[in-house]
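S.K.: Mapping of the sequence shown onto this note's numbering: position 139 corresponds to residue 158, and the numbering continues sequentially without gaps.
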Amino acid sequence: MAVIIELLGWGGKRQRYFRVETSSVTIGRGYENDVVLDDAHISPNHLRLDAASGGWQLTDLQSLNGVEIVKNPSSPSAQILGSDSPILIGEGAEIKVGRTRLRILSDNHPVDAAKVLHHLEQDAGKLNRLSIWLPLFLISLGVEIAALYSSSFIEWQWKNVFSTILSTQALLLFLALFWGTMGRFLRGESQFLSHYCLILLAGLVYSLADLLIGMLGYNAGTEMVILILSPLNALLILAFLLSANFALATNMMPRQRWISSLGFVMLIIVVSISAQLKGWGEFSPYPDYFSGLEVPALQFASAEPADDFIANFDMIFTEADRLAID
Numbered sequence: 020m021a022v023i024i025e026l027l028g029w030g031g032k033r034q035r036y037f038r039v040e041t042s043s044v045t046i047g048r049g050y051e052n053d054v055v056l057d058d059a060h061i062s063p064n065h066l067r068l069d070a071a072s073g074g075w076q077l078t079d080l081q082s083l084n085g086v087e088i089v090k091n092p093s094s095p096s097a098q099i100l101g102s103d104s105p106i107l108i109g110e111g112a113e114i115k116v117g118r119t120r121l122r123i124l125s126d127n128h129p130v131d132a133a134k135v136l137h138h139l140e141q142d143a144g145k146l147n148r149l150s151i152w153l154p155l156f157l158i159s160l161g162v163e164i165a166a167l168y169s170s171s172f173i174e175w176q177w178k179n180v181f182s183t184i185l186s187t188q189a190l191l192l193f194l195a196l197f198w199g200t201m202g203r204f205l206r207g208e209s210q211f212l213s214h215y216c217l218i219l220l221a222g223l224v225y226s227l228a229d230l231l232i233g234m235l236g237y238n239a240g241t242e243m244v245i246l247i248l249s250p251l252n253a254l255l256i257l258a259f260l261l262s263a264n265f266a267l268a269t270n271m272m273p274r275q276r277w278i279s280s281l282g283f284v285m286l287i288i289v290v291s292i293s294a295q296l297k298g299w300g301e302f303s304p305y306p307d308y309f310s311g312l313e314v315p316a317l318q319f320a321s322a323e324p325a326d327d328f329i330a331n332f333d334m335i336f337t338e339a340d341r342l343a344i345d
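1. Between Y215 and A253, how many whole angstroms is the CB-CB distance? I'm expecting something under 8 Å.
2. Consult DSSP for A239 and reduce its assignment to one of helix, strand or coil.
3. Is it true that the CB of K145 sits closer than 8 Å to the CB of A112?
4. Under the DSSP definition of a beta bridge, which residues are partnered with Q76?
5. Whose CA, out of I287, S293 and M271, lies closest to the CA of E140?
6. Tell me the DSSP secondary structure of V86 in three-state form.
7. Provide the residue span of the alpha helix (DSSP H) that contains L194, from first to last.
8. Measuring straight from C-alpha to C-alpha, what distance separates N147 and Q176?
9. Out of curiosity, what's the CA-to-CA distance linking L332 and E242?
10. With C-beta atoms as the reference, is V116 less than 8 Å away from I184?
11. Under the rule that 16 or more other beta-carbon atoms within 10 Å means buried, what is A78, buried or exposed?
12. How many Å lie between G73 and V86 at the Cα?
13. State the Cα-Cα distance for the pair L157 and A221, rounded to the nearest angstrom.
14. So for L220, helix, strand or coil by DSSP?
15. Using CA coordinates, which residue listed in L246, P273, R118 and I245 is at the minimum distance from K134?
16. Is it buried or exposed for W198, if we count other Cβ within 10 angstroms and need 16 for buried?
17. Would A350 pass as a contact of I218 if the rule is Cβ separation under 8 Å?
18. Mind checking who T119 pairs with in its DSSP beta bridge?
19. Tell me which same chain residues have a C-beta within less than 8 Å of the C-beta of R206, skipping the five on either side of it?
20. When you compare the CB positions of D58 and V39, do they come within less than 8 Å of one another, or not?
21. Name the DSSP beta bridge partners of E25, please?
22. From which residue to which residue does the alpha helix (DSSP H) around V162 run?
23. Less than 7 Å between C-beta atoms, sequence neighbours within five positions excluded: which residues of the same chain meet that for A258?
24. Quick check: what's the CA-CA separation for Y237 versus L230?
25. Just how far apart, CA to CA, sit F336 and L246?
26. Use the C-beta contact count for I114: other C-beta atoms within 10 angstroms, 16 or more gives buried, fewer gives exposed.
27. Could you check the C-alpha separation between L155 and V289 for me, to the nearest Å?
28. Applying the 10 Å Cβ sphere with the 16-neighbour rule, what's the burial state of A71?
29. To the nearest whole angstrom, what separates the beta carbons of L212 and W152, a pair I think is in contact under 8 Å?
30. Taking buried to mean at least 16 other C-beta atoms within 10 Å of its own C-beta, is T45 buried or exposed?
31. Starting from I46, trace the alpha helix (DSSP H) both ways and give me its first and last residue.
32. State the DSSP-derived secondary structure class of V244, mapped to helix, strand or coil.
33. Just curious, the alpha helix (DSSP H) that T337 is in, first and last residue?
34. Among the residues of its own chain, which have a CB less than 6 Å from the CB of K248, if the five just before and after it don't count?
35. By how many angstroms is the C-alpha of P129 removed from the C-alpha of L136?
Structural data, given as structure tokens:
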């Protein structure tokens, strides 16, 4: 029966492992050992494992720093093993030699069942391509330029909008680099273009939804529709985007991803409401003007004719005078 020695990293996660077929295994920094560990705090010949009934017999080979038994199914309490005092360790025992933590297993130790890949991970290879990213980038850039042009009230000049376009694209690049770096650190793969494509897609969906919300508010004749639906649209898209980024960059479970994403969205809502409450009730001598320009061709709801609207002016002022007298 072979023995498996796992080298553990942060959080007890396996970084690498050694498989030794012999019944007696030596561990140390010297090259004559069966398992060679690169740790300056480990002696050249540190310890030996001998197969025994119910596990392995661990013997400290007069090492400088000894062996710490972190976890031993055969003995519930942790202890430091001194020289020439062997101890029996069971399946799944964890020991610390120098600054290195090891787990001892047999080759027939059961492993967890395979997990189903998230659908985003299955399709990540399709997004992580320059041929996908480039069209999305050009479309996103065109939509941004069109939005800036349609909302401009002065003569259009490239120098006036270049800084805005540059800062927006720099922000998107920074976000993609952030998620890519996190993925490289946590999962060993960056999926940089996949994250970039997801961010660009989220921006395009937001722009389209915001246009539809603006049309709805224009036809409803009230700005309240826009004030309610526009932030709701942005927060909803942000929650889905964060969940997708977490799926590609981390090993979080679906519930953990959604809790983290919705928690961040709730934090934004709380901060926004707090900022709004701070300004409510304060009198401003300046009126609040609506500076948006709407295209009549986007109107699909029936509207009151202009002549009828002007004819009702007298009635409106008469009613206002009556209310003022009362």
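Even for Gly, the Cβ is constructed at its ideal location relative to N, Cα and C.
A quick note: this is a predicted structure, and the numbers were derived from the prediction, not measured.
M.R.: The answer reads as follows:
1. The distance from the Cβ of Y215 to that of A253 is about 19 Å, inconsistent with a contact at the 8 Å cut-off.
2. In this structure, A239 counts as helix in the three-state DSSP scheme.
3. One thing to note: A112 has its Cβ no nearer than 8 Å to the Cβ of K145.
4. In the DSSP secondary-structure assignment, Q76 is bridged to D69 and L107.
5. Comparing Cα-Cα distances from E140 to each of I287, S293 and M271, the minimum goes to M271.
6. Strand.
7. Start and end: W177 to R206.
8. The C-alpha of Q176 is placed about 35 Å away from the C-alpha of N147.
9. Looking at the sequence itself, residue 332 is Phe, so the reference to Leu does not match. If you take the alpha carbons of F332 and E242, they lie about 22 Å apart.
10. The answer is no: Cβ separation not under 8 Å.
11. Here residue 78 turns out to be Thr, not Ala, going by the sequence shown. Burial call: buried.
12. Taking the straight line joining both Cα atoms gives about 20 Å.
13. Answer to the nearest angstrom: the Cα atoms are 14 Å apart.
14. Helix.
15. Checked all of L246, P273, R118 and I245; the closest Cα to K134 is P273.
16. When all chains shown are included, W198 counts as buried.
17. The displayed coordinates of the chain run from 20 to 345. Any statement about residue 350 would go beyond what the structure contains.
18. Looking at the DSSP assignment, T119 forms a beta bridge with V116.
19. Same-chain partners within the cutoff: A268, T269 and N270.
20. Cβ distance not < 8 Å, so D58 and V39 don't count as in contact.
21. Partner(s): Y36 and R122.
22. Taken as a continuous stretch (DSSP letters only), the alpha helix (DSSP H) holding V162 covers L149 to S169.
23. Only S280, L281 and V284 meet the Cβ criterion.
24. Those two C-alpha atoms are separated by around 10 Å.
25. Put simply, the backbone Cα of F336 is about 29 Å away from that of L246.
26. Buried.
27. Taking the straight line from one Cα to the other gives about 33 Å.
28. The residue in question, A71, is exposed, as its Cβ has fewer than 16 Cβ neighbours within 10 Å.
29. Distance from L212 to W152 at the Cβ level is roughly 5 Å; contact confirmed, criterion being Cβ atoms closer than 8 Å.
30. It is buried - the Cβ of T45 has at least 16 other Cβ atoms within 10 Å.
31. For I46, there is no enclosing alpha helix (DSSP H); the residue is found in the beta strand (DSSP E) stretching over S43 to G47.
32. Helix at V244.
33. F332 to I344 is the span of the alpha helix (DSSP H), which, as asked, contains T337.
34. Rather than Lys, the amino acid found at residue 248 in this sequence is Leu. Answer for L248: I232, listed in chain order.
35. One C-alpha to the other measures close to 21 Å.
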